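One structure below.
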Amino acid sequence: MRRSGRSWPGQRLRRCRGTPPRAGRPMGSRGEGGVPVGQATRSRKTRLAIGGASARGGEMDRESREKELGRQGDPSEVDESPGGASLAFRPSFADENEIDTFDEFVQRFFRGEIAPDEFKRFRLQNGIYGQRQEGEQMVRVKIPWGGLTAEQLELLASIAEETPRKVAHVTTRQDIQFYFVKLEMVPGLLRRLGEGGLTTREACGNAIRNVTACHQAGVCPTEAFDVTPYAEATARYFLRNPMNQNLPRKFKISFSGCEEGCGLPVIHDIGAVAVLRTEGNRTLRGFRLYLGGGLGPHPRAAQLLEEFTPEEVLLVTLAAVVRIFDRHGNREDKNKARMKFVVEKLGFDEFRKLVLRERSQLSQTMAGKFPKVEVREEKPPANRGPAGGAEPPIADSGNGGEAYGRWLKTNVMLQKQEGYALVHVHLILGDITAQQLKTLAFAAREVGDGSVRTSNQQNLALRWVPMKSLPTLHRILSEIGLADPSAERLGDVTCCPGADTCQLGITSSRGLALAIGERFRNGLKDLADQAGIRIKISGCPNSCGQHHIATIGFFGGARKFEGRQVPTYQMFLGGNLGKVGEAPYGKAFLRIPARNIPAAVERLLLLYRD
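One point on numbering: in the numbering used here, the residue at position 591 of the sequence shown is 594, and numbering is uninterrupted.
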């Protein structure tokens, strides 16, 4: 497998330009009706949201949206184009008509026919965010539950190659972002994404954002069951749904497979945690739904709706929550528009009553219109030999020795399926180059199941790696600089883009993350692999870097010192990573000048060690 003296050549990998994934890989090669995953669909139903409401910036009054929803039935059904809601084949998320409309709006904007504010609303609804650099755009690609095929990795690599930095960025919402894209280039980029089954629709704006899930779902030893099909069904149901086109503010949903809360349920508008219930001889699947969480300047922990929400009423319950938010959310003050403020205003008991009443009404008026979730179980990759034992091969001089052993300890998780492992790929700052994406696609095919998952910790995960193949995978990753240890541990620092590109950023969170990371590669090397302790950095109070739930968190600001503005950070201590039942948010501790933060972190950690 390894080519001595050479790195894995990118030119040997074919690009994904409308080519369907190989048969037998997870997420499949074709949707129902034979539509390749690498092909967007055309559908008059899905065009409703762009030719009608969305073409005017996504605005449709609530009554009209609810009437439209009732007439359409389930907006996730695609009965005029091949495809459907099959989880076994995972048809495209893209829509060609939508991309045509975006292209048309861009041209009209350049001709001065559309006002900037109107175009901004439309642009955000389609996942395009203006950078602080004039004329440059950030393109946010939605990756529901973080799932990507090897072919999609190659597609993303080919797009990254055409951006100035030649880098793709993994976010804390499991999205992929590209930076420094000229507006006139965006329509073509969207078409290429559509060829690979990907969309940017509703990745920004006042809509339901990317539906996230634990990246270990389906292989985690502690999960109640695999939440992937439920996250997929949720993403498809709400995508382009009329009720989702003009919410009071953004709305976030996550799925976790157990009470460890790897999907971070307590910080979401809706955090779904899988649970099992026994009734007689039957074991029933369901969820604990936590509502009203959120970060930002006013963090709130989500609260439990009910002890057990059966799987068959999951989607109608989620729809009920969204409709109550749509009805009661604050549309006058953007700073108080998230659902957590509705919960605060009404009180959680009253909010719960409204949701349960709405669910009861929807169950009657829309009976049979919510798609049934197709449950599937993870299985070993087809056409693959025996996994090769229950334990990974030990380190020796031939497979990297000490470096391999450390990587094995920190980056490899044994799956619940004996003989296989999930491997975390540690991405510094969440960045991955085009060449690294290509090689990772190769590795996913050769030693994995042909797919990867993004994580909400800004990393990637390869699954179904046979134990016997771990040394080979380590060599491949080492050759492209992706074998850094400490994945999702203390030495793995999370940060948002900060002032480097974000219009709201105050400080360079990326620069600080690199400076702290350098300490872990030197004086704090023995602490880098510590589990259960994390450092997270945001460039402003909005908490895109999730600083509130970090053991040590920071958000950026500025203060005047001797007549000039000095970048500073507010330090938070004692947050946790979302485990259900524990106080999630850290406490404000000190405000420190930015240049002093790395030394302060080192002193704090040495005190902890001693």
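Ideal Cβ positions, reconstructed from N, Cα and C, are used throughout, including at glycine. For clarity, every value in this text was computed on a predicted model and none was experimentally measured.
Out of L476, S541, S489 and V214, the CA that lies nearest to the CA of L507 is found in S541.
Between the C-alpha atoms of K253 and A210 there is a straight-line separation of about 5 Å. Within the same chain, A160, A163, E164 and K169 come within 7 Å of A437 by CB-CB distance, once the 5 residues on both sides are set aside. Using a 10 angstroms sphere on the CB of K563, the tally of other CB atoms stays under 16, which defines it as exposed.
Scanning the stretch 94 to 125 from its first residue to its last, the whole alpha helix (DSSP H) runs of 4-plus residues come out as 99 to 113. Counting C-beta atoms within 10 angstroms of its own C-beta, S95 has 16 or more neighbours from the protein chains shown and is therefore classed as buried. By the Cβ-count criterion, Q367 is exposed, with fewer than 16 other Cβ atoms from all chains shown falling within 10 Å of its own Cβ. The alpha-carbon of F373 is positioned some 54 Å away from that of L610.
Put simply, the backbone Cα of E139 is about 32 Å away from that of G266. 8 Å or more divides the Cβ of E605 from the Cβ of R524. In chain order, M141 and T504 place their CB closer than 6 Å to the CB of Y182, counting only its own chain and leaving out the 5 sequence neighbours on each side.
Contact annotation: D272 and K412 have beta-carbon atoms that are not nearer than 8 Å.
A straight-line Cα-Cα distance of about 14 Å links T174 and G130. Here the stretch 115 to 129 makes no contact with the stretch 484 to 503; the two share fewer than three CB pairs at distances below 8 Å. Residue pairing by DSSP puts V142 in a beta bridge opposite I131 and F181. DSSP, read as helix, strand or coil, puts K471 in helix. Counting only the Cα atoms, P251 lies some 7 Å from R341. Cα atoms of P313 and G297: separation of roughly 25 Å, rounded to the nearest angstrom.
Going by DSSP, E310 is part of no alpha helix (DSSP H) at all; its letter is neither H nor E.
Only exposed fits T225, as fewer than 16 other CB atoms lie within 10 angstroms of its CB. Put simply, the stretch 230 to 247 touches the stretch 203 to 221. At least three CB pairs are less than 8 Å apart.
Annotation for V346: G295 and F354 place their beta carbon closer than 6 Å to its own, counting only its chain and skipping 5 residues before and after.
Contact annotation, Q568 with R594: C-beta distance approximately 14 Å; criterion of less than 8 Å not satisfied.
Taking a C-beta distance under 8 Å as the contact criterion, T152 and Q177 do not qualify as a contact pair.
Your pair L432 and C498 checks out as a contact, with CB atoms roughly 6 Å apart and the cut at 8 Å. Secondary structure of E282 (DSSP, three-state): strand. Put simply, the backbone Cα of I146 is about 9 Å away from that of R456. For H427, the closest of V468, K441 and I397 by C-alpha to C-alpha distance is V468. The beta carbon of V144 sits closer than 8 Å to the beta carbons of G130, L159, D178, I179, Q180, F181, L196, L201, T202, T203 and A206 from its chain, once the five residues preceding and following it are set aside; these are given in chain order. Here I435 carries a strand assignment [DSSP, helix/strand/coil].
DSSP places L608 in the helix class (H, G or I) of the three-state scheme. Cβ-Cβ distances below 6 Å link I435 to A171 in the same chain, with the five nearest sequence neighbours on each side left out; the list follows chain order. Separation of L318 and M369 (C-alpha to C-alpha, rounded to the nearest whole angstrom) is 11 Å. In the displayed model, P190 falls within a helix according to three-state DSSP. S511 carries a coil assignment under DSSP once its states are collapsed to helix, strand and coil. Judged by DSSP secondary structure, H331 falls within the alpha helix (DSSP H) whose first and last residues are L317 to H331.
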